[in-house]
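For reference, the structure is listed below as structure tokens.
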Amino acid sequence: MRIIKARDYNDMSKKAANMIAAQILLKPNSVLGLATGSTPIMTYKYLIKLFEDETISFSDVKTINLDEYIGLNKENANSYYFFMCNNFFNFINIKPENVHIPDGTAEDLEKVCSDYETMIQENNGIDLQILGIGNNGHIGFNEPDLKFEAVTHCINLDEETIKANSRFFENEEEVPKKAITMGVKTIMNARKIILLANGSGKAETIFKSLYGKIDPALPASILQLHPDVTFILDKEAAYLL
Ligand code: PGA
33 MRIIKARDYN DMSKKAANMI AAQILLKPNS VLGLATGSTP IMTYKYLIKL
83 FEDETISFSD VKTINLDEYI GLNKENANSY YFFMCNNFFN FINIKPENVH
133 IPDGTAEDLE KVCSDYETMI QENNGIDLQI LGIGNNGHIG FNEPDLKFEA
183 VTHCINLDEE TIKANSRFFE NEEEVPKKAI TMGVKTIMNA RKIILLANGS
233 GKAETIFKSL YGKIDPALPA SILQLHPDVT FILDKEAAYL L
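Under our numbering, the sequence shown has 60 at position 28, and the numbering climbs by one with no breaks.
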């Protein structure tokens, strides 16, 4: 496990983008696992810059997102599909058919989950997975639980997550209560993982994830077992380390 301490959010984002760019340079047809939330937004901005100055191309890159709300369609400004287009995909040369995000509006959600796992396998797995981390230690939408859920599945969001995510909605009532998420094993099968965190609100969760016991009550703690994981943290998120 590597820990990279960045000066601030900007520096964290630049470092993350450079590592993702290196992955694409080394393997132009990389499969990237992508995350939403406020943490990676600037990372995507830096990647767009690297695309614009022709350092990297996404023409052969495939992306597989971690999760999606259930019940929000692609046009809904709060769906993760919309987020990804608005913050990233609309500004790079990725092929639409190479973008994968679970469909949270499908009738048969169990099939969406099993098809997602099949699709990941057919793409020969994820080369580099980007993660944020919830205040409660969730990765993707794998919420604190009594056990680790292995594969892509539907979940009920935690009260804490609903509260945290309500900042993007008009009010808490509007936040979907359910989501589809890659499972912990799906994430752990990625060949490389980069977890990003910034702000003092994440400091305790980061400390426990790195040095506490491995416990499904703190899903990110499982990352201690991954052979190639890098935490990129700003000063505030790293202050307890
Ligand atoms: P945030 O969310 O980036 O908006 O803090 C992280 C997460 O919930 O994984």
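Beta carbons are placed, not taken as given, at the ideal position from N, Cα and C, and that holds for glycine.
First through last residue of the beta strand (DSSP E) which encompasses residue i
i    : result
I225 : 224-229
K195 : Element bounds for K195: not the beta strand (DSSP E) but the alpha helix (DSSP H), 191-197.
Q161 : 160-163
F114 : Where F114 is concerned, there is no enclosing beta strand (DSSP E), although the alpha helix (DSSP H) it sits in stretches over 112-119.
I264 : 261-266
T68  : Taken as a continuous stretch (DSSP letters only), T68 belongs to no beta strand (DSSP E), as it is neither H nor E.
Outcome for residue i when other beta-carbon atoms lying within 10 angstroms are tallied against a minimum of 16
i    : result
G103 : exposed
D140 : exposed
N197 : buried
N188 : exposed
K245 : exposed
Cα-Cα separation, residue i to residue j
i    : j    : result
N230 : T237 : 11 Å
Y271 : A138 : 43 Å
I80  : S70  : 16 Å
F123 : T87  : 15 Å
A310 : L82  : Nothing can be reported for residue 310: it is not among the residues displayed for the chain, which extend from 33 to 273.
I126 : L160 : 16 Å
Residue i - containing alpha helix (DSSP H), residue span
i    : result
N97  : Where N97 is concerned, there is no enclosing alpha helix (DSSP H), although the beta strand (DSSP E) it sits in stretches over 94-97.
D147 : 141-154
V216 : 216-220
T237 : 235-243
Chain-order list of residues whose beta-carbon lies under 7 Å from that of residue i (same chain, five-residue window excluded)
i    : result
V216 : N174, F180, E181, A182, P251, I254
E192 : N167, N168
Own chain partners of residue i with C-beta closer than 6 Å, once the 5 adjacent residues on each side are dropped
i    : result
Y113 : K106, I133
S232 : E268
E100 : Y112, I133, P134, G136, I212
Q55  : S62, L160
Residue i vs residue j beta-carbon contact at 8 Å
i    : j    : result
T75  : V131 : no
P248 : D190 : no
R39  : T262 : no
G157 : V93  : no
N118 : F200 : no
P128 : S89  : no
K77  : L265 : no
G164 : L66  : no
K195 : E204 : yes
I226 : G172 : no
Contacts around residue i, its chain only, beta-carbon distance under 8 Å, and the 5 residues preceding and following it disregarded
i    : result
K240 : G169, L250, S253
H185 : C145, I212, T213, G215
Distance cut-off 7 Å: residue i Cβ against heavy atoms of ligand 3
i    : result
S198 : The ligand content of the structure shown is limited to ligand 1, which means ligand 3 is not among them.
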